[in-house]
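Chemist:
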Amino acid sequence: NFSVLCNQAVATCQPLVINPLRQRGISFFDVRVPPGDEARHYHFNSGRIDIFLNDQSVQQELHVSKTWTPNNKDVFNAFKRYIAYDATYYVTALLDKGLKVLVVNGDQDYLTNAVGSLDWMVKLKGALNYGEQLKQVRAKTVQVSSL
1 NFSVLCNQAV ATCQPLVINP LRQRGISFFD VRVPPGDEAR HYHFNSGRID
51 IFLNDQSVQQ ELHVSKTWTP NNKDVFNAFK RYIAYDATYY VTALLDKGLK
101 VLVVNGDQDY LTNAVGSLDW MVKLKGALNY GEQLKQVRAK TVQVSSL
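According to the numbering used here, the residues represented by the sequence shown are 1 to 147, in order.
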């Protein structure tokens, strides 16, 4: 069963990735600092993501108009088996259907590393070579109103 294998993979890999950081007092969200001190190197504005993503200036920059909602526990539990899952097939399938995909990562985040995600994204190939298209896009600073 695929779900059983995924759960086994998470149970095996997560302690190997997370526990060494915990034992050394290192945040796995920002490996430069201990847990709870993530704001030391940058402005850490934790808050409700739905408020941020529903802000009109954010939606204008992202070219979306949908209402975002907070994390739903039932949805999370249904999808948590995909935590350690290669989403390449699904992302390319969405792109092939013309849907926009937003990948969000932190540059100092140990778990969802921005550099690793960018490396993954520039290799995406579906009906089109999405990775090559992404390589051609010039970097743009996204500016939104202060929340």
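Just so you know, even glycine gets a beta-carbon here, dropped at the ideal spot from N, CA and C.
With a 10 Å radius around its C-beta and 16 neighbouring C-beta atoms as the bar for buried, classify D37 as buried or exposed.
Modeler: exposed
Chemist: Just verifying my parser: in three-state terms, what is the DSSP assignment at N54?
Modeler: N54 falls in the coil class under three-state DSSP.
Chemist: Would you call the stretch 48 to 58 in contact with the stretch 84 to 94, where contact means no fewer than 3 C-beta pairs closer than 8 Å?
Modeler: no
Chemist: Roughly how many angstroms separate the alpha carbons of H41 and R138, rounded to a whole number?
Modeler: 26 Å
Chemist: Three-state secondary structure (DSSP) at N77?
Modeler: helix
Chemist: So V115 is in the alpha helix (DSSP H); what residue range does that whole segment cover?
Modeler: A114 to M121
Chemist: Helix, strand or coil: how does DSSP classify T69 here?
Modeler: coil
Chemist: Express the C-alpha separation of E132 and V101 in angstroms, rounding to a whole number.
Modeler: 16 Å
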